[in-house]
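Enquirer:
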Amino acid sequence: MFDALIDQFWSLTFSGIALGFIYVLIAMGYTMVYGVLRMINFANSEIFMVGAFATVMVSKYVFKLSNDAIPPSSFKLFFVILCCLLASMLASALLAFLVELVAYRHLRNRTTNRIAPLISAIGIGIVISEIVRILTGARTQFSPNIVPKKTLATFQGAEIRLDNTLTIVAGLILFIVLDRFIKYSRLGKGIRAVSMDEDSAKLMGVNLNRVISLTFIIGGLMTGAAGFFYVNVYENVKFNMGFSLGLAAFTAAVIGGIGNIRGAFFGGISLGLVEIYASAVIGTQWKPVTVFIILILILLFKPNGIFGEAIQRTRV
Amino acid sequence: MINLRDKGAEFWERSNRPVRVLTVFAIMAVVAALPYAGNTFLQTPVAAFDAVLVYPMGMFILMALGLNVVVGKSGMLDLGYVAFFAVGAYTMAILGTRTGLNTWEIMPIGIAAAMFAGVLLAIPTLRLRGDYLAIVTLGFGEIVRVSALNTEAIGGALGIAGVPFPPGLGFEYQLLDQKYFYWTILVMILLVIWVIRRLTVRRPGRAWESIRQDEDAAELMGVSTYKYKIWAFVFGAAIGGGAGVFYASRSMVIAPDNFTLNTSILILACVVFGGMGNIWGVIVGATILGYLPDRFRFLSDARLLLFGLVLVVFMNLRPEGILPRKKREKAIVKKGSGASL
């Protein structure tokens, strides 16, 4: 039973960390919004999906990449990666901005009912995924290979592939930039102030609507980047792909303590690893069950997540 | 926008007993006669109208009433309600195909199984609040579905086929003419409404209301919040399980795909859309959200898109739902002004 795990331990670890970084980036979309609004952004999984589609569209129709064509030279490859990544990030950020405007802004000021914004976010998630389904069809679409799956080095018999390495390195850079940004920039301070106490922040001159909007946009940028890395590694997209990844990323955010971006980092990486190890031991089909059993166990013993503050007392 | 809820309550308060009885009977007669309205403008283009009345409409109303006790009355956000529906349906399918028991004998077993699942989930998780509860219940729903999907002994992805119809009670349940199914589910709905109304005005109802408004204050006032939260959860689970048993028996075949997160969300949408906490609102919400997608099936491709748009637009216009819950404060103001007059 554990043979597969022991034989391929390092290769599994490596792909687990890469998957973990994808979760970390999506989890940023959840955790930042939750930190500010104390609400789950249920449309974040669709924001991720649109980011992934943006990469496929740009690589297919702008750069005319396909698996039959000659792979681009290294300078052009760098340019292609940059454009795809930016396209994904911008598409997702724009969508996140619209989601906040349509689903949250009006309701936030009008009602204390916390389920109404949830339903309207779910509604807009349905709208987005249905538009994508109608435009692109219900079948899985394959993406051309963007970053070649070249083996860079071997470690204990495990291949260290270029696409996974790119995910890990770029994911780490994005995370550090975000973490510094939240800590030191003016806007980051505004975001932290709002997440501590909305009313006091307002009194201190923080423009609430602007900060919330920008929080969604930053979350969207991160989620969009995750879309690019996902396409890079797995090379397929589908209109409902956001659901399972979004759920796992949200779980990652909760494990780390939602609202806390370093917690989400930890949660994402550990969830990625556990998922990949568990798939090797008991089979991929039980993956969702293991994820949730871990979640329930963690919440039982650490009800605020591993690094969470005491925010579980917020009410429905 | 006009407040339909207050208009209705006003009418009810102004009328005397004969008028009230007459109103109830008139409404009941119209509702019971609905299966004969199939050839009018109400007709659904693809599915037969009497079948739509049973599923989704009747089923949605039943489940939304059960979920309303958890979400609307006690304020606990449950995103995995479909799990209890699935437990009921699988109990029916397994026992119905492998033992000689009929639907009515399996009904209490299915309800008990769903209640047991409810207790199992409630005991560890009801200490959590708010969004964490939401995500754990969501996870529970997925665990039940994925377990059913991966267990070959209960059919795996194909599910279970050949679930028997309920035995007739002086009439025969038929596939092509579902009015008996409809009337049965109507009786179930009335029974549930009656029980919920009884509970609401008694100790459990008041305990739920106090938990929803302020859990800490309720605890300090001596309400055993944990106990009543479990009761609300288990009560909701029982209704979901009963609906599941009937669903499996009517549909003859069930598969894990019938029990996705989408169903949970749809039922929650019914509750919020109609008006959380108010049973009449919930019924209206479930009727509309159950009926519309089938009525507009000719828009086949844009159907779900439209559904999403309706949710967004409607939530923004009426965040408290079509028929919002009674406002306690409103009642107090009314009494006060009445006294001063």
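Protein chains in written order, with the numbering used here: chain A, 279 to 594; chain B, 41 to 381.
Glycine included, every Cβ here is placed at the ideal spot set by N, Cα and C.
(1) Name, please, each residue of chain B whose Cβ falls closer than 7 angstroms to the Cβ of A:E408.
(2) Does A:E437 come out as helix, strand or coil in the three-state DSSP assignment?
(3) For the structure I just gave you, are there three or more beta carbon pairs, one from the region 350-370 of chain A and one from the region 505-522 of chain A, closer than 8 angstroms?
(4) Have a look at A:A381, A:G307, A:I560, A:I318 and flag the residue whose alpha-carbon is nearest the alpha-carbon of A:I496.
(5) Nearest to A:F528 by alpha carbon, out of A:D285, A:F579, A:M310?
(6) Which residue's Cα is closest to the Cα of B:G330: B:L189, B:F81, B:T303?
(7) What are the residues that DSSP puts in a beta bridge with A:N582?
(8) With distances taken from CA atoms, which of B:M155, B:L82, B:E182, B:G150 is nearest B:G120?
(9) Buried or exposed for B:D341, going by 16 or more other Cβ atoms inside 10 Å?
(10) Apply the 10 Å Cβ neighbour rule to B:Q218 and answer buried if 16 or more other Cβ atoms are within range, or exposed otherwise.
(11) Reducing DSSP to helix, strand and coil, say where B:I294 ends up.
(12) Return no unless some Cβ of chain A is closer than 8 angstroms to the Cβ of B:L168.
(13) Counting contacts by CB-CB distance shorter than 8 angstroms, is A:N518 in contact with chain B?
(14) Which value, in whole angstroms, describes the spacing of the CA atoms of A:W288 and B:I134?
(15) Strictly below 7 angstroms CB to CB, what residues from chain A border B:V312?
(16) Quick one: what does DSSP say A:I547 is sitting in, helix, strand or coil?
(17) For a test of the three-state rule: what should DSSP assign to B:V203, helix, strand or coil?
(18) In three-state DSSP terms, what is B:K47?
(19) My understanding is that B:L349 touches B:W320, with C-beta atoms under 8 angstroms, so please give their C-beta distance in whole angstroms.
(20) With a cut-off of 8 angstroms on the beta carbons, I'd call A:F326 and A:T501 a contact; round off their distance for me.
(21) Can a CB atom of chain B be found closer than 8 angstroms to the CB of A:I412?
(22) Please report the residue range of the alpha helix (DSSP H) in which B:D256 lies.
(23) Are the C-beta of B:A162 and some C-beta of chain A separated by less than 8 angstroms?
(24) Looking at B:T303 and the ligand ATP, is the gap between the Cβ and the nearest heavy atom below 7 angstroms?
(25) Taking only three categories from DSSP, how would you classify A:N514?
(26) Would B:Y130 pass as an interface residue toward chain A - the criterion being a Cβ-Cβ separation below 8 angstroms?
(27) Among the candidates B:A49, B:V92, B:S114, whose CA atom is the shortest distance from the CA of B:R246?
(28) Using a Cβ-Cβ cut-off of less than 8 angstroms, give me the residues of the region 59-86 of chain B that come near chain A, in sequence order.
(29) Would you list the residues sitting across from A:T389 in a DSSP beta bridge?
(30) Under 8 angstroms between the Cβ atoms of A:F407 and A:F517?
(31) Assign A:T603 to one of three DSSP states: helix, strand, or coil.
(32) How long is the line joining the alpha carbons of A:V394 and B:I328, rounded to whole angstroms?
(33) Which residue from A:I424, A:F585, A:V455 puts its Cα closest to that of A:V336?
(34) What residues in its chain sit with their C-beta under 8 angstroms from that of B:V203, if we drop five residues either side in the sequence?
(35) Is there a Cβ of chain B sitting closer than 8 angstroms to that of A:T429, yes or no?
(36) Going straight from the alpha carbon of A:T493 to that of B:P58, what length do you get?
Expert: The structure says:
(1) L344, L345, G348
(2) strand
(3) yes
(4) A:G307
(5) A:M310
(6) B:T303
(7) Beta-bridge pairing links A:N582 to no other residue.
(8) B:E182
(9) exposed
(10) buried
(11) strand
(12) yes
(13) no
(14) 44 angstroms
(15) I393, A394, I397
(16) helix
(17) coil
(18) helix
(19) About 25 angstroms; that fails the 8 angstroms criterion.
(20) 5 angstroms
(21) yes
(22) 255-260
(23) no
(24) The ligand ATP is not part of the structure shown, which contains no ligands of any sort.
(25) strand
(26) no
(27) B:S114
(28) none
(29) Partner(s): none; A:T389 has no beta bridge.
(30) As written in the sequence, residue 407 of chain A is Ser, which differs from the Phe given in the question. Cβ atoms of A:S407 and A:F517: closer than 8 angstroms.
(31) Since the first residue shown for chain A is 279 and the last is 594, residue 603 of chain A is missing from the structure and cannot be characterised.
(32) The question names Val, but residue 394 of chain A is Ala in the sequence shown. If you take the alpha carbons of A:A394 and B:I328, they lie about 17 angstroms apart.
(33) A:I424
(34) M132, A133, G136, T137, A288, S289, S291, M292, V293, I294
(35) no
(36) 59 angstroms
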